[in-house]
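To start, the structure itself, in structure tokens.
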Amino acid sequence: MKAAIGFTLGLALLVIACAGSTGDAPEGKTAPRGEQLYAMHCILCHGKDGKLGFNGAKDLTASTLTREQMRQQVAEGKGKMMPYKNVLTPKEIEAVVDYTRGLGKAR
31 MKAAIGFTLG LALLVIACAG STGDAPEGKT APRGEQLYAM HCILCHGKDG
81 KLGFNGAKDL TASTLTREQM RQQVAEGKGK MMPYKNVLTP KEIEAVVDYT
131 RGLGKAR
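Plus 30 on top of the position in the sequence shown (first one is 1) and you've got the working numbering.
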């Protein structure tokens, strides 16, 4: 019973995270690529603001990693975080890193 509830909750969160719209882009304009990729691949565990921490995810707004360390972690994964080197191009990884480095900062 607990497994079924956990599976259902996880599936519901995945559907919500993959809903397709970030909600922040003005009408008729697309969100920047890093934000789109973050919404597609990261928001489920890290949350919209980078602070969620679901499934052991770190608070991205408190990160002390360098840009290169962030690129490597996105590409190679760490702990429960899957590697994205076979999912995202190097340019897309860079866009996600740029976006996450801006989380928690005034926009």
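Heads up, the beta-carbon is just placed ideally off N, CA and C, and yes, glycines get one too. Source: prediction; values computed, not measured.
Close-in-space but distant-in-sequence residues of the same chain around residue i (CB under 7 Å, 5 per side omitted)
| i | result |
| --- | --- |
| Lys135 | none |
| Val104 | Tyr114, Ile123, Val126 and Val127 |
| Leu90 | His76, Gly80, Thr130 and Leu133 |
| Leu82 | Cys75 and His76 |
| Ala92 | none |
N-terminal and C-terminal residue of the alpha helix (DSSP H) that residue i is part of
| i | result |
| --- | --- |
| Ala69 | Arg63 to His71 |
| Asp126 | Before going on, a small fix: residue 126 reads as Val here, not Asp. Here the alpha helix (DSSP H) through Val126 covers Pro120 to Gly132. |
Residues that residue i bridges to, as DSSP identifies them
| i | result |
| --- | --- |
| Met100 | DSSP lists no partner for Met100. |
| Lys108 | Met111 |
Close-in-space but distant-in-sequence residues of the same chain around residue i (CB under 6 Å, 5 per side omitted)
| i | result |
| --- | --- |
| Gly64 | Ala125, Val126, Asp128 and Tyr129 |
| His86 | The sequence shown places Gly at residue 86, rather than the His named in the question. Counting only Cβ-Cβ distances below 6 Å, and skipping sequence neighbours, we find Lys110. |
| Leu118 | none |
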